[in-house]
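S.K.: In terms of the working numbering, the sequence shown is residues 1329 to 1609. The beta carbon of each residue, even a glycine, is placed where N, CA and C say it ideally should be. I'd like to ask you about the structure that follows.
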Amino acid sequence: MIFIPAWRRPDMLHACLTRLSIVAADASDLTVVVSLDRESDPACRDVTEGFSPQLPSLYLRVMHSHRFRGNSCNVLSGIRECLHLEPDLIHVVEEDVLVARSYLRYHEAMHRAAPSAFAVSACRNQNLPGEAPGAAYLHPSYQSLGVSFRSDIAERITLHDRPQYYARMVSYCRSVFPGSEIPPGHAEQDGLINRVREASRGQTVYAAKPRAFHAGFHGYNRPGTMLSDGTIEERSARILSMTSEEMNTLAGDLKDHQVIDLDQDLPTAPEEEALSAVLRT
């Protein structure tokens, strides 16, 4: 199951769903849930509904109006509702994450190779300085970028789907996770989930060759330049054709985008072998 929290970027959502429709063509049974946060752009609903022919098991979730900051309520409550469908894996693919053809196969292989891992991310590890230590490796971190986790991990995460957290994220995390080494200000959904990982000494699987990348050069917490010319479909096509340099030019001060070849169908054997070797040591 793929869960997509979305808000006010219909062109990004269109690009995201374009890539997922390609991935879904190789999957026998893929459920996709798009969750529109409060005050979302009405065009995001139109974009989602327009992909129904390519994604037969596509569901639209619309959040009621709420007063909570950020996208944490949308993410955590959406994961909780996805659990009702009893998925083996829940993928969180935010609307500005673009997936490669081998995205699903990579996740499935990594969970087979490391069944006790907290999560698997298909994007570049933004918490790792320097080169990756292997084709695939475990790292004590978490990022909500092309990530998946098993249902039991999702259940532990959604224990914090509560108003007390959404209303006072920093103080809630300080109280529930005393002694955490994660900076106090990192308290939105990715910071909370990272603390859940930290509390159990869990690790996330990453690969030296990503199967997805973050394309969010503008948006919530991203004061970059928003595309304005052309239709949603034309802007989506432009996003999908951008180079790293083009994205980083539009990203303002947060120039952390690294575009990958999304059509390259990478095998997973090198990552499986590398991860198995790590776990044997």
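Count the other CB atoms, across all protein chains shown, that sit within 10 Å of the CB of Pro1538; report buried if there are 16 or more and exposed otherwise.
M.R.: buried
S.K.: Tell me, please, which residues DSSP counts as bridged to Ala1540.
M.R.: Under DSSP, Ala1540 forms a beta bridge with Val1427.
S.K.: Could you tell me the alpha carbon to alpha carbon distance between Ala1460 and Tyr1470, rounded to whole angstroms?
M.R.: 16 angstroms
S.K.: I'd like to check one pair, Ala1343 with Leu1426: are the Cβ atoms closer than 8 angstroms?
M.R.: yes
S.K.: Determine, for Thr1571, whether the minimum Cβ-Cβ distance to residues of chain B falls below 8 angstroms.
M.R.: Included in the structure is just one protein chain, with no chain B present.
S.K.: Going by DSSP, what residues sit across from Thr1532 in a beta bridge?
M.R.: Ala1447 and His1467
S.K.: Just to confirm the assignment, what range does the alpha helix (DSSP H) spanning His1342 have?
M.R.: Pro1338 to Ala1352
S.K.: What residue range does the beta strand (DSSP E) around Arg1478 cover?
M.R.: Val1475 to Arg1478
S.K.: Which residues does DSSP pair with Val1362 in a beta bridge?
M.R.: Ile1332 and Leu1388
S.K.: In angstroms with no decimal places, state the Cα-to-Cα distance between Gln1517 and His1488.
M.R.: 10 angstroms
S.K.: Leaving out five residues before and five after Gly1462 in sequence, what residues of the same chain have Cβ atoms less than 6 angstroms from its Cβ?
M.R.: Ala1602
S.K.: What is the C-beta distance between Gly1552 and Leu1578, in whole angstroms, given that I count them as a contact (C-beta under 8 angstroms)?
M.R.: 5 angstroms
S.K.: Comparing alpha-carbon positions, which option in His1412, Arg1550, Leu1417 and Glu1367 lies nearest Ser1393?
M.R.: Glu1367
S.K.: Using CA atoms only, rank isn't needed, just tell me which of Ser1449, Arg1373 and Ile1350 is closest to Phe1541.
M.R.: Here the closest residue by C-alpha is Ser1449.
S.K.: Who are the Cβ neighbours of Ala1535 in its own chain at under 6 angstroms, not counting the five residues just before and after it?
M.R.: Ala1464 and Glu1599
S.K.: Taking just the CA atoms, how far does Ala1442 sit from Arg1408?
M.R.: Their backbone Cα atoms lie some 24 angstroms apart in a straight line.
S.K.: What distance in whole Å lies between the Cβ atoms of Ser1476 and His1412, which are believed to be in contact at a cut-off of 8 angstroms?
M.R.: Not really, about 18 angstroms apart at Cβ, beyond 8 angstroms.
S.K.: Alpha carbon to alpha carbon, what distance is there between His1439 and Gln1592?
M.R.: About 21 angstroms.
S.K.: Residues in the same chain with beta-carbon distance under 7 angstroms from Arg1502, minus the five sequence neighbours each way, listed in chain order, please.
M.R.: Pro1512
S.K.: Given a threshold of 16 other Cβ atoms within 10 Å of its Cβ, counted over all protein chains shown, does Val1498 qualify as buried or as exposed?
M.R.: exposed
S.K.: Less than 8 angstroms between the C-beta atoms of Arg1395 and Gln1586, yes or no?
M.R.: no
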